[in-house]
Amino acid sequence: MKMQMVKMLPVAGLLLVVGSGCTSVRGVKPIQPEFGQVVSDLNPVLTWAADKDSAVSYDLEIKEINKDGIAVKVVYSKEGINGTSHKIEGDALKPGMCYSWALRTRKGETLSAWNRQSKYIELIVYASRTNRPFEFITPDAP
Numbered sequence: 008m009k010m011q012m013v014k015m016l017p018v019a020g021l022l023l024v025v026g027s028g029c030t031s032v033r034g035v036k037p038i039q040p041e042f043g044q045v046v047s048d049l050n051p052v053l054t055w056a057a058d059k060d061s062a063v064s065y066d067l068e069i070k071e072i073n074k075d076g077i078a079v080k081v082v083y084s085k086e087g088i089n090g091t092s093h094k095i096e097g098d099a100l101k102p103g104m105c106y107s108w109a110l111r112t113r114k115g116e117t118l119s120a121w122n123r124q125s126k127y128i129e130l131i132v133y134a135s136r137t138n139r140p141f142e143f144i145t146p147d148a149p
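Letter by letter, the sequence shown follows residues 8 to 149 of our numbering.
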């Protein structure tokens, strides 16, 4: 029997990545601006959901985000805000920049933790190689 060498070439295939996830907010829930929204000016109005305890006030902190997506420095803060909105004052925000904002409740000298967002993402990867109607296996060594 005559054997012939066959060179196997890479073949096309299918790769499917399916993701699901959820996001939850702990603490004061921000409403506006939404994540990734471009605000209309450098003194936007921030709004949030009211705490269950109507006797609290709110502290606000805004941080600049660097090009790596890391919040690097506080550029604006305000303590003891009454109500569920605040218009940013002064010239703390610069054009074309990205910022994160956080809130906490204040009741007298008692402070809550800063609010935070948690994300859970699950990825399922399915791979299938197609266009492979013929395969072969070489024999074991004698």
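In this text, a Cβ means the ideal position worked out from N, Cα and C, and glycines have one as well.
Per DSSP, reduced to three states, the secondary structure at Thr112 is strand.
The DSSP-derived three-state label of Thr91 is coil. Note that the stretch 73-81 does not touch the stretch 35-51; fewer than 3 beta-carbon pairs, one per stretch, sit closer than 8 Å.
Straight across, the Cα-Cα distance linking Met104 with Ile72 is about 8 Å. Lys36 and Lys74 have their C-alpha atoms spaced approximately 26 Å apart. Non-local C-beta neighbours of Leu100 in its own chain, meaning closer than 6 Å and more than five positions away in sequence, comprise Leu49, ordered along the chain.
For Glu68, the uninterrupted beta strand (DSSP E) segment begins and ends at Ser64 to Ile72. About 15 Å separates the Cβ atoms of Ser61 and Gly87, ruling out a contact at the 8 Å cut-off. The bridge partners DSSP lists for Ser107 are Lys70.
Here the alpha carbon of Gln44 sits roughly 22 Å from the alpha carbon of Asp66. Nearest Cα to Lys114 within the set Asp58, Gln39, Gly97 and Thr54: Asp58. By the Cβ-count criterion, Ile95 is buried, with 16 or more other Cβ atoms from all chains shown falling within 10 Å of its own Cβ. Secondary structure at Leu100: coil, using DSSP grouped into helix, strand and coil.
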